[in-house]
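See structure below.
Numbering (this note's numbering), first residue to last: 2 to 210.
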């Protein structure tokens, strides 16, 4: 079993990068659901060792398949940064609201680890391969899927503007409850055990190599 978990299980980490051994403490309902399901997976494996489970903690997925046929284009208000930026760019929304400009970061906005969806798909393949090849040594394992690099909201907006040649109107607002300041992944475990590595691309180029 491969479960799609989330970096939200780390809550507001006291330090970064986040390793898989960090204390777990979700700060919002979404993160709490991931924590509960992770606990269920661990309980399941302990009760029946025949279960082999890998928990993949996604950081912030972005991007689309290079073909352009598979991507994120929600009909309603987007929950994630880049779909919102894209809707502003094409005129479907008047401006991007940036929540929090007084964080202790390089430009005052929140910092996240943005990972391309194609890299995430490759991470799933690597996890399935691990389950198949090393099943005798796996109980319930956890891996971060991220790039190991933090990129701020404004850096992501600037990268998008550079790529599309269009200015994105911004509206600044206060912090949202439950939003952590800086979260990015420690990736050594996934690199060593899954033989997988995400591409670092977030702040410089909004296209995956």
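Idealized CB from N, CA, C, for every residue including glycine.
Since we're looking at a predicted model, the values are computed, not measured.
My guess is that residue i and residue j are in contact by the Cβ rule of under 8 Å, so how many angstroms apart are they, rounded?
i, j, result
"residue 58", "residue 6", "5 Å"
"residue 60", "residue 186", "5 Å"
"residue 55", "residue 132", "6 Å"
"residue 98", "residue 27", "Actually they are not in contact, since the Cβ atoms of residue 98 and residue 27 sit about 23 Å apart, beyond 8 Å."
"residue 96", "residue 171", "6 Å"
So who's on the other strand from residue i, going by DSSP bridges?
i, result
"residue 184", "Looking at the DSSP assignment, residue 184 forms no beta bridge with any residue, so it has no partner."
"residue 97", "171"
"residue 118", "In the DSSP output, where bridge partners are listed per residue, residue 118 has none listed."
Roughly how many angstroms lie between the CA atoms of residue i and residue j, to the nearest whole one?
i, j, result
"residue 43", "residue 141", "6 Å"
"residue 86", "residue 75", "12 Å"
"residue 196", "residue 62", "20 Å"
"residue 208", "residue 49", "Residue placement at residue 208 is poorly supported in this model, since its pLDDT is 48, which falls under 50; the coordinates still yield a value, given next. Whole-angstrom Cα-Cα distance: 43 Å."
"residue 64", "residue 51", "36 Å"
"residue 101", "residue 177", "7 Å"
"residue 88", "residue 82", "10 Å"
"residue 146", "residue 191", "7 Å"
Would residue i count as contacting chain D if we go by Cβ distances under 8 Å?
i, result
"residue 71", "Within the model displayed, chain D is absent; a lone protein chain is all it includes."
Review point. At what residue ranges does the region 132-182 contain a whole run of the alpha helix (DSSP H), taking only runs of 4 or more?
Key: 154-165, all fully within the region 132-182.
Review point. Counting pairs of beta carbons, one from the region 95-108 and one from the region 173-182, are three or more of them closer than 8 Å?
Key: A contact exists between the region 95-108 and the region 173-182.
Review point. Which parts of the region 14-89 are runs of the alpha helix (DSSP H), unbroken and 4 residues or longer, counting only runs that do not cross its ends?
Key: Listed in chain order, the complete alpha helix (DSSP H) runs (minimum 4 residues) inside the region 14-89 are 30-48.
Review point. Does the region 122-129 come close enough to the region 156-166 to have 3 or more Cβ pairs within less than 8 Å?
Key: The region 122-129 makes no contact with the region 156-166; the number of CB pairs closer than 8 Å stays below 3.
Point to revise | Inter-stretch contact (C-beta, 8 Å, three-pair minimum) for the region 149-160 and the region 108-119 | key: When C-beta atoms of the region 149-160 are compared with those of the region 108-119, three or more pairs fall below 8 Å, so the two segments count as touching.
Exercise for review: Specify whether the region 92-101 and the region 22-42 touch according to this definition: at least 3 beta carbon pairs, one from each stretch, less than 8 Å apart.
Suggested key: Two segments are said to touch when three or more pairs of C-beta atoms, one from each, lie closer than 8 Å; by this definition the region 92-101 does not touch the region 22-42.
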